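Here's the structure, in structure tokens; my notes come after.
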Amino acid sequence: MSENYKTRTEKRRLSQAKKTSKKKPKGLFKKLFLTLLVICIIGMVSGAATFAYFISTAPKIDEGALKDPLSTVVKDRNGDVVVELGKENREFVPFEEIPKVVEEAFLATEDVRFYKHHGVDVFRLGSAVVANFTQGFGSQGASTITQQLVKRSFLTPEKTLKRKVQELWLAFQIEQRFTKEEIFEMYVNKIYFSEGAYGVATAAKVYFGKDLQELELHEAALLAGLPQSPNNYNPFEHPDKAKKRRDIVLMLMNKHGFISKEDMKAAQAIPVQSTLVSEEKREKDTKPYDAFIDQVIDEVEQLGDYNIFTDGLEVHTTLDPEAQEYVYNLLNTEEMINYPDDEMQAGITVLDTQTGEILAIGGGRNQKVKRGFNFATDLKRQPGSTIKPILDYGPAIEYLKWSTYEQIVDEPYTYSDGTKINNYNKKHYGQISAREALGRSLNIPALKALHAVGLEKSREFGLRLGMPLKEHMVEANAIGGGERISPLQLAGAYSAFGNNGIYIKPHAVTKIVLRDKNTEIKTKPEPEVAMKDYTAFMITDMLKSVLKEGYGTGRAANISQLPVAGKTGTTNYTEEYRQKHDIPKGATKDAWFAGYTTNFTIGIWTGYADEKNYLDSESDDIAKKLFKNLMSHLSEDVVTKDFKKPSSVVKVGIEKGTNPPKLASEFTPESEIVYEYFVKGTEPTQVSKKYDKLEAPKNVRATYDEKTNEILLEWDYPEMEDKKPVFEVKVSLDEGPEQVLSVTEDKALKLQNPVGGGIYKFSITASLDDQKSEPATTSIQIPDPMADNENQIEEDESNGQGDEIDEGVGNGEGEDVDDGEDVPDDLNIPGTTPPGNENGGTGKTPRNGKTQGTEIHGGTGHEGNNINGNVSVQPNQNLHKNTTISSEKTQ
7 MSENYKTRTE KRRLSQAKKT SKKKPKGLFK KLFLTLLVIC IIGMVSGAAT FAYFISTAPK
67 IDEGALKDPL STVVKDRNGD VVVELGKENR EFVPFEEIPK VVEEAFLATE DVRFYKHHGV
127 DVFRLGSAVV ANFTQGFGSQ GASTITQQLV KRSFLTPEKT LKRKVQELWL AFQIEQRFTK
187 EEIFEMYVNK IYFSEGAYGV ATAAKVYFGK DLQELELHEA ALLAGLPQSP NNYNPFEHPD
247 KAKKRRDIVL MLMNKHGFIS KEDMKAAQAI PVQSTLVSEE KREKDTKPYD AFIDQVIDEV
307 EQLGDYNIFT DGLEVHTTLD PEAQEYVYNL LNTEEMINYP DDEMQAGITV LDTQTGEILA
367 IGGGRNQKVK RGFNFATDLK RQPGSTIKPI LDYGPAIEYL KWSTYEQIVD EPYTYSDGTK
427 INNYNKKHYG QISAREALGR SLNIPALKAL HAVGLEKSRE FGLRLGMPLK EHMVEANAIG
487 GGERISPLQL AGAYSAFGNN GIYIKPHAVT KIVLRDKNTE IKTKPEPEVA MKDYTAFMIT
547 DMLKSVLKEG YGTGRAANIS QLPVAGKTGT TNYTEEYRQK HDIPKGATKD AWFAGYTTNF
607 TIGIWTGYAD EKNYLDSESD DIAKKLFKNL MSHLSEDVVT KDFKKPSSVV KVGIEKGTNP
667 PKLASEFTPE SEIVYEYFVK GTEPTQVSKK YDKLEAPKNV RATYDEKTNE ILLEWDYPEM
727 EDKKPVFEVK VSLDEGPEQV LSVTEDKALK LQNPVGGGIY KFSITASLDD QKSEPATTSI
787 QIPDPMADNE NQIEEDESNG QGDEIDEGVG NGEGEDVDDG EDVPDDLNIP GTTPPGNENG
847 GTGKTPRNGK TQGTEIHGGT GHEGNNINGN VSVQPNQNLH KNTTISSEKT Q
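Going by my numbering, the sequence shown opens with residue 7, and the numbers climb by one from there.
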């Protein structure tokens, strides 16, 4: 379709516009290209400038630093030097004395193109660059032997671009100044091989007791594999890891043509331990600080690519020298603890409760080698009941706001799959408080607590306390099964309970100063809130009961006058294992104790390296004794404050046994009150009425009617709508013992024929169901009618004749008393009537020498008291006349 234009001018203008619009894309691409080119040029210039800066600030090559490693200074918490690592156990070997098999083992492992490059292997560098772009900077290295020599001699171990540029530059420089043989010689004499050994010649003697020239293929391969991670591949400590690493080296030697496949397989088949130096011939060293320095070395290596033996570091630590020496002596002498034998082991960790700083470490008893197995940090055993505050009761308080009084029924119980669970003593205690259940270390209440809070919440709580818990916990975790931990980890968790719920990872290193003396690496962990303050305080108070209450399992660890909390823990053998290894019933495999004050936290394990050896009933108490001895010593000259109750917690007096809990009333006996802690806002408000007292009888009065010779006892009591109280009436004569006269619903009582001259004291107590009132009392003295007949009495007494009473005085239904028996004046022999007789005579010798029967009438019987029966009177009390008691109703 043709376009119509009004004028030629318009047609020309539109035509030019179309041509212009078609040319625009070409111009845009050109501009973009030029812009990118400028950016690249600027980037190259900037990069070159940056590289130039990095190179200009690189350290100068010092031949002395290339040949000799720089020692590391380790300082204690006071800033004093404890040890200087890297100065001993070093032997130099010239290149010409290095066997070919050793050289080839190192080349195959570290830098197979060593003799072909000029300090930097471009091919390896290219693949490493790609990996670093795809996997992140520092993910893969391409360091040649020359670069490794540079890094170990001059540079910090940080993985930064600056350090890498300087490493490349210095490697080129060294290749210009030294021959390949000299570089290789410096490298194998500098590197660290664990066990305090520097240089390959020293390592050959340490591990195999041989000169370097005597090494076999499999031995050379093992040494060549060590520098990558000396302590992890240490064949003394980790033979399995050492074998895997050695076999990789042998595979690389075969791959690069240094050995045949047959030689490789033959060497791989040789056990690592077969030619290692025996333990008896290894260097013995039992210095008190070794166990602590062992932890320092591990921490430094975990912090980054540092070599504490060669990097010339200054390491500041938390070591308390006096505490460390005391722990060492505690484990290695018999002065304070009687150990059953030399094989029994123990691991101890001492922390500052408030900071998480490791003050001392007891790595074991009778350690024969430097950097041997550390039973405080390397040990992994099941913790037994020491886990209960961490996985059971702690989470229940944290998430469910349990009180220390929480009532749990200790009864036959099972795991979810129906497997039966028992307490250690095979007993059940019925309804019991969480405090007592933890104090007695009962398994069933602990499992119920875990069930109540749930495995997920329990694990969440434990992880915050540094516990190495698997992703999926099991119910056996409730009583210390499943997981394995170290005394260091246990102490770290318990310190949080003593630190108001704040967890600080246990640590021995606080700061590292690099060789340039200007760079400081802060290493102190940050505090983390692991739980609410109410959880920490209430668990602590419950753990105090473990040591101080009569039912507590930790009483042997208690320290009088010291506010201390703690928990015991033991593990036992399975029935199958016990029978297989002939282990007696009740034997203990591991015995733990963890405890703390506001100043110090101590975690202790005792047992044997060989699990077939067991602790007996005496030796499984050693963990408690170690704790008591050590905590007492640490606290000698230190002010130990008690744990402060936070405002989130309230202390409440609870009446024992109430469930749900009820407050004790003003009438609850003190012996029936327990004082427990509740999270504020959850404490009970209902007051128990069990011991509430009724109102006491009022207006108690006693009157004597001389004509009828009887006492009328009366009292008042308010009327009650639905129930009527009963009244227990007691009487005493002349301050003698009280006797129950009657239990009656009436409010009056008559006592007939009282003793002349006697003083009668009455007490009346109202009772209704389980409630009782205070007694109301009154007294009355009876006139003495015998006062005027004293001479006649004396005559009767001198004759020794008693009046004969032919009949007992009664209501006509009782038995007669035919004779009164004459007795000497100084004897009071009561007559007896079998219980149940309505009337009976009680023979007594009165002042006139005659035996008189005493008859009681009336009264309302209650709860087995027969008011119509005999009233017993103490032998030294004489009734002057026949005495009858009768009740009388009043309106």
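From the three backbone atoms N, C-alpha and C, an ideal C-beta is built for every residue, glycine too.
Predicted model, so just to flag it, every value in this text is computed and none were measured.
- When C-beta atoms of the segment 311 to 330 are compared with those of the segment 86 to 103, three or more pairs fall below 8 angstroms, so the two segments count as touching.
- Taken in chain order, the complete alpha helix (DSSP H) segments of 4 residues or longer contained in the segment 547 to 632 are 581 to 586.
- As computed with DSSP, Y500 is found in no beta bridge at all.
- A straight line joining the alpha-carbon of Y430 with that of T559 spans about 11 angstroms.
- Leaving aside the five residues that flank G400 on each side, the residues in its chain whose CB is nearer than 7 angstroms to its CB run, in chain order, F467, M537, T541 and I545.
- Residues of the same chain with a CB within less than 6 angstroms of the CB of P451, apart from the 5 flanking positions on each side, are I414, D416 and A443 in chain order.
- Secondary-structure assignment with DSSP links F768 through a beta bridge to V737 and T784.
- If you ignore the 5 residues before and after V746, its C-beta comes within less than 8 angstroms of the C-beta of E734, V735, K736 and N871, all in its own chain and listed in chain order.
- No Cβ-Cβ contact shorter than 8 angstroms links R387 with R465.
- Taking a cut-off of 8 angstroms on C-beta distances, the segment 567 to 578 touches the segment 591 to 604, as three or more cross pairs fall below it.
- Looking from the CA of T714, the closest CA among I788, P703, I660 and P346 belongs to I788.
- Leaving aside the five residues that flank I660 on each side, the residues in its chain whose CB is nearer than 8 angstroms to its CB run, in chain order, Y411, P667, K668, L669, A670, I679, V680, Y681, E682 and P690.
- In the DSSP assignment, E682 falls within the unbroken beta strand (DSSP E) covering I679 to V685.
- Shown here for K287: same chain residues with a beta carbon closer than 8 angstroms to its own, the five before and five after excluded, namely G215 in chain order.
- Per DSSP, the continuous alpha helix (DSSP H) segment holding H457 begins and ends at N449 to V459.
- For the pair I628 and I343, the Cα-to-Cα distance works out to about 8 angstroms.
- Under the criterion of beta carbons closer than 8 angstroms, V552 and G445 qualify as touching, at roughly 5 angstroms.
- Shown here, Y193 sits in a helix according to DSSP, grouped into three states.
- With a beta-carbon spacing of about 19 angstroms, E701 and P675 fall beyond the 8 angstroms limit used to define contacts.
- The C-alpha of I197 lies about 7 angstroms from the C-alpha of P233.
- According to the DSSP assignment, Y405 belongs to the alpha helix (DSSP H) that extends over G400 to L406.
- A straight-line Cα-Cα distance of about 8 angstroms links T574 and S447.
- Here the C-alpha atom of A297 lies approximately 34 angstroms from the C-alpha atom of L256.
- Excluding its 5 nearest sequence neighbours in each direction, M479 has C-beta neighbours in its own chain below 6 angstroms: L461 and R465, listed in chain order.
- Taking the C-beta atoms as reference points, I765 is found nearer than 8 angstroms to D740.
- With a contact defined as Cβ atoms closer than 8 angstroms, L218 and V99 qualify at about 6 angstroms.
- In this chain, Y295 is not harboured by any alpha helix (DSSP H), its DSSP state being neither H nor E.
- Between the alpha carbons of N635 and P327 lies a gap of roughly 18 angstroms.
- Distance from the Cα of S638 is smallest, within the candidate group G609, V685 and L568, for L568.
- The residue from S785, K530, E188 and Q360 with its alpha-carbon nearest to that of T709 is S785.
- A352 is not a Cβ neighbour of I565, given a cutoff of 8 angstroms.
- Distance from the CA atom of P418 to the CA atom of I427, rounded to whole angstroms, is 8 angstroms.
- The segment 346 to 366 and the segment 262 to 277 do not touch, with fewer than three beta-carbon pairs separated by less than 8 angstroms.
- DSSP places N705 outside any alpha helix (DSSP H); the residue lies instead in the beta strand (DSSP E), whose first and last residues are K704 to D711.
- Going by DSSP, G310 is part of no alpha helix (DSSP H) at all; its letter is neither H nor E.
- For K267, there is no enclosing beta strand (DSSP E); the enclosing alpha helix (DSSP H) covers residues K267 to Q274.
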